[in-house]
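Report on the structure given below.
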Amino acid sequence: MDMAQPEHVTAASTQPVLEVEDLRTVFLTDDGAVRAVDGVSFTVGPGETLGIVGESGSGKSVTALSLMRLLEEPARIIGGSVRFQGRDVLAMRPDELRGWRGDRAAMVFQDPMTGLNPVLRILRQVTEHMVSHGRQSPATARVRAVELLRRMGIAAPERAAASFPHQFSGGMRQRVMLAIGVANDPVLLIADEPTTALDVTIQAQILDLLRSLNEEFGTAIVLISHDLGVIGTVCRRVAVMYAGEIVEEAATEAVLTDPRHPYAWALVNAVPRLDSPAGARLTSIEGAPPNALDPPPGCRFAPRCPFKIARCDTDHPPLMEVAPGRRARCWVTADGRRLPAPPIPAQAAPRSAAPEERPLLEAEGLVKHFAVGRDGFFGASRIVHAVNGVDLRLRRGEALGIVGESGCGKSTLARLVTRLHEPTAGRIRFEGQDITHASPAEMRPLRPRMGMVFQDPYASLNPRMTVADALAEPLLAHRRAATRAEARERVLKLMATVGLKPEWASRFPHEFSGGQRQRISIARSLALQPDLVVADEPVSALDVNVQAQVLNLMLELRERLGLSYLFIAHDLAVVRAFCDRVAVMYLGRIVEQGPALDIFAQPLHPYTVALTSAVPEAGRERVILGGEPPSTLSLPTGCAFRGRCPVARPACEVPPPLAEIAPGRLVACHFPGSFSRPGHLS
Amino acid sequence: MLRYIATRLAAAVVMAVLASLVIFLISALVPGDPVLAQLGDIAASDPATVLEWRAKWGLDLPLWERYGIFLNGLAHGDLGISIATRRPVLEDIAQYAPATLELATVSFLLAIGVGIPLGIAAAVWRDSWVDSAARIVSLLGVSSPTFWLAFIMLAIFYGWLGWAPGPGRIDPIAFPPEGPTGLFLIDAALAGDWEGWHDAAAHLVLPAVVLAAATIGLITRTTRAAMLDSLGQDYVRVARAKGLRAQVIVLRHALPNALVPVVTLGGLAYANLLAGAVMTETVFSWPGLGRYTFRSAAALDFPAIIGITMVVSATYLLVNLAVDLSYAALDPRVRR
Ligand code: SF4
Ligand code: SF4
């Protein structure tokens, strides 16, 4: 590549970094060629930032891998061109490609937990390609590696360099991955869902880092994500992909406020926002992306499009200029027309539960500690302090949201109140009945009254049981149906309730999409007509549109059946859209609790402030919380948030109680409201 | 780490003693009687002779007492006297063990020297002719019966082509190399006797190949599967995105992660090679432990059998310890 350099040096400043023309990538399968990327074109100038957004299967990751020529069998690039500073990437010989990859163009992948080699020291992994590309000598590479790690915000970089990956958290590993990516000062950095596996405050840190890399070093960035908000915080421009094609390309801000392609429109409106009006339903479009083996002849979005016109079914729209600097692939907006705002859904019934003497679920001082492996053979056994004193009350018909980052104890809490775990200390009452230490036999009559929905519907459904059998099982087991025929009738009704077609009853779980599987598990949790549904991250594994469908379904069921929900999620906007009250957890404790709309409009605990402001929504000032939650193995003294709190004072060495400081608003902080985010929304 | 080793060694001793107990109990329960095997029909028909013989070997004592005596001897490094050879068992074992150790070690090195590279190549060039060749080699290795393979090899390379020397550790008319280890390759090298070294090495080739055949197959398969797994990992894709050369990706990034299962299997295979060479040693007239075991078993020579059991279990336990320690060397996540 050094040979090719001179001719381009002069032109490099104006010449685009990346020019993609009609790129086509297929997966060769037994059934034929699956067109994963089908004629994608875009250009990235020096120092530009481009986001590529789409749901799973839209071809966005395959596009990224194609650009780097990192595809594996059976994927194959069958057409188009990729030019990097004028050089034809698709024509590069293996040795040219090797010299280019990791040097001029770098890529960062989604999962930092598996992307680092577990048996090699961090130092080696950061330096090896600096040396192999001849950019540094081993000695200077070492110095630079430590410098890069420091730049990426890793404390004690020398020590970090000498460590192995398993000694780091996911956020730290993603920093290392970024250090690896930029080690040779690449002209282009492709990041494929770099923050999807991370918590929201850590995500904010990493996105901030990406943006500053772009600003400081002029590195052009292509950011792949399913989350338009994430792209909005880093990228000026965005390309929306659907079924292997780019359907809209424009400034990110423009797409977010005024999408011109119906699919982009659906994406934007499917996502709840922290500032969307109260009680709004989410816009969801029915159906699924077309079969990529044989896409429809006309517009690929036509089968699902709410704005469809006659020619959509027959003529395939090209990517057309619809306004200066923006292109869309749609017949309706081709003349520069805007798409209407989504219909304002009928205001949901006011979600206030009648005050009641006896709460449905009540917990006091709940504590759960787990013993984990010992420290060496004779070492002391270690204890994870998962939940450290939680009080909860859930009224009938109410939806209580529990939010917090991974490891805050929210999932453990869900398993405690449903008595899948036995608490170490504290009390749990279900309808006044003490179930703290109830035996499985004593729990059995209560089980039908508590439904559970988990994050991964696939893991919780038996793959060898048809849907009908999976749904009939609890009915028969709890003698809610006397005969198979009666059970079957009930099952069909249930399936209709959650929007599954009756003819799917004899299908197996793998024949369904993720969203449909989640509907099945919701149907199963409803089979016994529960009073309480405990949902642990029920939508976080789903694409935004499917997420909107499932959330709408859960909302509707709640109104129709008067269910109470304990809703656990890390996505604050989802919780806000769904819940009446919210409890924010940090290190096994509730740090703030109150009505959902109030908490997000005016958070009082510094952690809630940081959490809400870390949500990547475009046009939003954010405070970026440094550091990561401390280990649950040894609890900090005083306020648990002290180590990361921007307004910590000496008084915080005394643990603050969860105190009611306004009607219905509880905060565990000595100085509530003393820290507020810049320009917060009211 | 030292504490870990000490704990493991202590556990190993307990296991070995337990093994000896099991053998003792079996020896009391088997229907065969060493008296008949040792004295022959005529002498065994004279009750006085039999009684005297039993008393001499302590067979008239109760089982527990005999076991006590054995344990006491064991604590002093004494495995008792062989009924068949009338020599201390330990001496017998010391005489036969080096031949087996040499054969097993050479086979083992051969097995990993062929199996690991073949497995890597098969994984890297998956579904190519290399992969098919590796599959055929491992299938043949695993499925050929040892005695059959031994006879065929002898018939072809000794009998027909005359490329390899006949059975035995060295040429029958040559003097065995003298030395401290009893391992001919090492003793000959130490003495600078290159002619003897050559002779010993040539005699090793066929039995080592025969003995290694099954292990080569297993190691090839395991290495291939483990390499395919680690080549499919995200860190390998990251390594490719860094623009590293193929051999660096395979050998530095993928291989160390693939070695854990291979080491597990390798340890087991080595212990099996040490203990399970009866067939090969018999066909190749190899004066090793396998043949000693076979003869002792035929003679119901219980002191010898128990002694061999102790040695074999000690070997297994030591090899296992070595395997565990190499996990820690291979994988930093295991270290503490
Ligand atoms: S071309 Fe027609 S079907 Fe396609 S997105 Fe536009 S309006 Fe919808
Ligand atoms: S108590 Fe102190 S440290 Fe804790 S959140 Fe409040 S201000 Fe911060």
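So the sequences go chain by chain: A and B.
Numbering of the first sequence is given in my numbering, commencing with residue 514 and proceeding in unit increments.
Numbering of the second sequence is given in my numbering, commencing with residue 8 and proceeding in unit increments.
Glycine included, C-beta positions come from ideal geometry on N, C-alpha and C.
This one's a predicted model, so the numbers in the text were calculated from it and none came from an experiment.
Candidates the options: closest to residue i by CA position
i	options	result
A/Q1115	A/D1049, A/P1185 and A/A675	A/P1185
A/G694	B/V113, B/V245 and B/Y334	B/V245
A/A717	A/G1151, A/V1180, A/E1130 and A/A1036	A/E1130
B/V255	A/V897, A/R637, A/R1071 and A/G1012	A/R637
A/G1156	A/G1139, A/T538, A/L1171 and A/T714	A/G1139
B/H205	B/A221, B/A233 and B/R176	B/R176
A/P559	A/S571, A/R749, A/E609 and A/R1178	A/R749
B/L235	B/R252, B/L258, B/L251 and B/A221	B/L258
A/A756	A/M665, A/A983 and A/S574	A/S574
A/V530	A/L563, A/G545 and A/R1094	A/L563
B/L32	B/A128, B/T287 and B/F309	B/F309
A/A884	A/P961, A/N782, A/T1145 and A/L959	A/T1145
Expected contact under 8 Å - CB spacing of residue i and residue j to nearest Å
i	j	result
A/L839	A/E766	It should be pointed out that residue 839 of chain A corresponds to Arg in this sequence rather than to Leu. A/R839 to A/E766, Cβ: 11 Å. No contact.
A/I635	A/S569	Their Cβ separation, rounded to whole angstroms, is 31 Å, which puts A/I635 and A/S569 out of contact at 8 Å.
B/I223	B/A55	The pair is not a contact, with the Cβ atoms about 57 Å apart (cut-off 8 Å).
A/V880	A/T925	No, A/V880 and A/T925 are not in contact; Cβ-Cβ is about 10 Å, not under 8 Å.
B/V270	B/Y165	With 8 Å as the limit, B/V270 and B/Y165 do not qualify as a contact, their Cβ atoms being about 35 Å apart.
A/P1169	A/H1183	5 Å
A/D712	A/S579	Not confirmed; about 30 Å, so no contact.
Pairwise C-alpha distance: residue j and residue i
i	j	result
A/G917	A/C1092	15 Å
A/N901	A/S1038	28 Å
A/L913	B/A265	47 Å
A/G1027	A/G552	27 Å
A/S1034	A/A1127	31 Å
B/I12	B/V20	12 Å
A/V1004	A/Q1062	21 Å
B/G273	B/T227	11 Å
A/M965	A/E729	48 Å
A/S1077	A/D616	55 Å
B/A306	A/I896	58 Å
B/A311	B/E98	10 Å
A/V689	A/H991	52 Å
A/R1032	A/V1011	6 Å
B/L58	B/A91	18 Å
A/D982	A/H950	32 Å
B/V29	B/A278	20 Å
A/I667	A/M643	20 Å
B/A17	A/Q968	46 Å
6 Å CB neighbourhood of residue i in its chain, flanking five on each side removed
i	result
A/C1216	The structure shown has nothing for residue 1216 of chain A, since chain A only spans 514 to 1195.
B/S114	A215, L218, A219 and L280
A/V1180	E1105, L1117, H1118 and I1174
Same chain, Cβ closer than 7 Å to residue i, five either side skipped, listed in chain order
i	result
A/F506	The structure shown does not extend to residue 506 of chain A, since chain A is modelled only from 514 through 1195, so no value can be given for it.
A/V1059	G1027 and G1028
Counted within 10 angstroms of its Cβ, other Cβ atoms place residue i as buried (16 or more) or exposed
i	result
A/G647	exposed
A/P1022	buried
A/A823	exposed
A/G878	exposed
A/Q1042	exposed
B/S303	buried
A/V1160	exposed
B/Y323	buried
A/Q946	exposed
B/N79	exposed
B/A207	buried
B/G87	buried
A/T732	buried
A/T1150	exposed
A/W844	buried
Cut-off 8 Å between Cβ atoms - residues of its own chain near residue i, not counting five sequence neighbours on either side
i	result
A/D535	G552, V553, S554, G592, G593 and S594
A/A577	I565, M620, I703, D705, V735 and I737
Residue i at chain C interface by Cβ criterion, 7 Å
i	result
B/N264	Although the question refers to chain C, the structure presented lacks it and instead comprises the protein chains A and B.
Proximity test, residue i beta-carbon vs ligand 4 heavy atom, cut-off 6 Å
i	result
A/V845	Of the ligands this structure carries, namely ligand 1 and ligand 2, none is ligand 4.
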